[in-house]
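First comes the structure, then the notes that go with it.
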Amino acid sequence: MTATEVDTALARAAATVAGARTVALACHVNPDGDALGSMLGLMHVLRAAGRDVVASFPPPFTVAPHYRELPGLDLLVHPDEFPHEPDVMVTFDCGSLGRLGDLEPAAKAARELIVLDHHVSNTRYGTINVIDPGAAASGVLVRRLVLELGLPLTNDAAIALYAALVCDTGRFQYETTTPSVFDLARELVTFDIPVSRLSRQLFEEHRFAYLKLLGEALAAAELDVERRFVWTAVTQDMLTRHGVTLEEVEGLIDILRRATEAEVTCVLKEEADGSVRVSLRSLGDVDVRLVAAANGGGGHRFAAGFESTLDIPSVVAKIRDAL
Ligand SMILES: [Mn+2]
Numbered sequence: 299m300t301a302t303e304v305d306t307a308l309a310r311a312a313a314t315v316a317g318a319r320t321v322a323l324a325c326h327v328n329p330d331g332d333a334l335g336s337m338l339g340l341m342h343v344l345r346a347a348g349r350d351v352v353a354s355f356p357p358p359f360t361v362a363p364h365y366r367e368l369p370g371l372d373l374l375v376h377p378d379e380f381p382h383e384p385d386v387m388v389t390f391d392c393g394s395l396g397r398l399g400d401l402e403p404a405a406k407a408a409r410e411l412i413v414l415d416h417h418v419s420n421t422r423y424g425t426i427n428v429i430d431p432g433a434a435a436s437g438v439l440v441r442r443l444v445l446e447l448g449l450p451l452t453n454d455a456a457i458a459l460y461a462a463l464v465c466d467t468g469r470f471q472y473e474t475t476t477p478s479v480f481d482l483a484r485e486l487v488t489f490d491i492p493v494s495r496l497s498r499q500l501f502e503e504h505r506f507a508y509l510k511l512l513g514e515a516l517a518a519a520e521l522d523v524e525r526r527f528v529w530t531a532v533t534q535d536m537l538t539r540h541g542v543t544l545e546e547v548e549g550l551i552d553i554l555r556r557a558t559e560a561e562v563t564c565v566l567k568e569e570a571d572g573s574v575r576v577s578l579r580s581l582g583d584v585d586v587r588l589v590a591a592a593n594g595g596g597g598h599r600f601a602a603g604f605e606s607t608l609d610i611p612s613v614v615a616k617i618r619d620a621l
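Each residue of the sequence shown is one higher than the one before, starting from 299 at the first, in the working numbering.
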């Protein structure tokens, strides 16, 4: 979409939300900080304006531990209580209908479906598609929509949008960190935002049990110098011994990929049923999406994944061959 097309879509989205009887908000399954933050941001603004609004995300209806203090999670409705035929529905950070999981039928039945997203791969499944791959976060598009609606931000909305912005820019460190990102951050921190506390919660804080598991996973990590490939695995046995859940180890790969030698980083996680979930990261020389796609998965050049029913050594051997 060109900048003008995004502006036009935003204006249509604002008029549609303004004229809606009720507004139903949803973000993608296993939501990240941008998905939750952008959805909660609009929810707080609409609630403060006295609008009839519900928000949810698909099962499993749980958020990762580091998002648990985002304001407004307690106001979300269970996906079972989400309207079956919403008047106006808005999706956040959700690139395709499939990413809505059990809320996909509601999206299909909505009178108007507004898609707010910044993924270049978005399939444009809405009746109004506000897709701006140039936006650093979906939260940026929410801020623009709120301006278009002529409604004021609330303090909780500012916290939620700030979380969206810091998560998707990696605390202002990714390539997406443009002057306009700092403009928005500057505006948001004029509200009462616990910047330091949020940063620790979102990026640093873990249970001690996780750190012990991390120590074991790092000690077991292997480096393939020739392929510039670093990998480790988290087994069910490790999770049980340390009392850690699989969702808690989501960020482990970001620590492993700090290795100077690593062009490609891989974490293999054994699921309860014995299958293996594989996460891959690359610095960009290697397109890990191709490795994932060859194994029935998908993703992006820099980050991809797949699932396998093979055992961990066999999966690693296959990845080595592919590299
Ligand atoms: Mn995002």
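Just so you know, even glycine gets a beta-carbon here, dropped at the ideal spot from N, CA and C.
Query	Result
Alpha carbon of asparagine 427 to alpha carbon of alanine 333, nearest angstrom	16 Å
Leucine 451 (DSSP reduced to helix, strand or coil)	coil
Check: histidine 504 C-beta below 7 Å from any heavy atom of ligand 1	no
Top-ranked residue by Cα proximity to glutamate 545, from Arg575, Ser419, Asp391 and Ser436	Arg575
Aspartate 332 beta carbon near ligand 1 (any heavy atom closer than 7 Å)	yes
Any non-hydrogen atom of ligand 1 closer than 7 Å to aspartate 391 Cβ	yes
Same chain only: Cβ atoms within 6 Å of threonine 475, ignoring 5 sequence neighbours per side	Thr467
Residue environment, valine 523, which counts as buried when at least 16 other CB atoms sit within 10 Å	exposed
Candidates Thr530, Thr389, Arg587 and Glu548: closest to isoleucine 610 by CA position	Thr530
8 Å contact criterion, which glycine 549 and leucine 578 should meet: CB distance rounded	Not a contact, Cβ separation roughly 15 Å.
Terminal residues of the alpha helix (DSSP H) in which isoleucine 551 lies	550 to 554
Residue from Asp391, Leu511, Ile553 and Val413 with nearest C-alpha to serine 436	Asp391
Near ligand 1: aspartate 430 beta-carbon under 7 Å from a heavy atom	no
Contiguous alpha helix (DSSP H) assignments of at least 4 residues, all confined to the region 345 to 430	402 to 407
Every unbroken alpha helix (DSSP H) inside the region 469 to 493 [4 residues or more]	477 to 486
Per DSSP, cross-strand counterpart(s) of glutamate 242	No statement about residue 242 is possible, as the shown extent of the chain runs from 299 to 621 and does not include it.
Beta-carbon proximity of valine 487 to valine 479, cut-off 8 Å	no
Burial state of valine 418, where buried means 16 or more other Cβ atoms lie within 10 Å	exposed
Histidine 364 Cβ short of 7 Å to ligand 1 heavy atom set	no
Opening and closing residue of the beta strand (DSSP E) in which serine 612 lies	Element bounds for serine 612: not the beta strand (DSSP E) but the alpha helix (DSSP H), 610 to 620.
Three-state secondary structure (DSSP) of alanine 557	coil
Residues bridged to cysteine 564 (per DSSP)	Trp529 and Leu578
Counted within 10 angstroms of its Cβ, other Cβ atoms place histidine 326 as buried (16 or more) or exposed	buried
Glutamate 303: first and last residue of the uninterrupted alpha helix (DSSP H) it sits in	301 to 316
Top-ranked residue by Cα proximity to aspartate 400, from Leu411, Arg587 and His376	His376
Beta carbon of serine 580 nearer than 8 Å to that of serine 606	no
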